[in-house]
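Take a look at the structure set out below.
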Amino acid sequence: LESFTVSAGATVTWTNRDGAPHTTTSGVPPEPDGSWDSPLLNQNQEFGFTFNQPGVFPYWCRVHPFMTGVITVER
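To convert, take the position in the sequence shown, counting from 1, and add 7; that gives the numbering used here.
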């Protein structure tokens, strides 16, 4: 998972390029915060989420909770 910055209103799309299933889940392991939670993504499946508000949004994979990232949303 990656950490990066986007502008408010941007849609981020995660694509699983791995052979293992993954999720993108907002929050810090082991607690989702409810902002978004993708279904289980198998290889080449995608999930998108639009960030309308500025802020810092940590996220992780429910299957592999050691995989974490942070999205910073700027105005």
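Glycine included, each C-beta is placed from N, C-alpha and C at the ideal position.
Report all residues from its chain with a CB closer than 6 Å to the CB of residue i; omit the five preceding and five following residues, and keep chain order.
i, result
"T57", "T18"
"D44", "T32"
Using C-beta distances below 7 Å, list every residue in its chain close to residue i, excluding the 5 sequence neighbours before and after it, in chain order.
i, result
"F73", "none"
Check whether the Cβ atoms of residue i and residue j sit closer than 8 Å, and answer yes or no.
i, j, result
"S10", "G55", "no"
"T30", "E53", "no"
"Q60", "G26", "no"
"P28", "V70", "yes"
Nearest to residue i by alpha carbon, out of the options?
i, options, result
"L8", "C68, E53 and G62", "C68"
"V63", "V70, I78 and G16", "I78"
Skipping 5 residues on each side, what residues in its chain have a beta carbon closer than 8 Å to that of residue i?
i, result
"S14", "V80, E81 and R82"
"G34", "D40, G41, S42, P65, Y66 and W67"
"P46", "T30 and F54"
"G16", "T57, F58 and N59"
"R24", "Q50 and N51"
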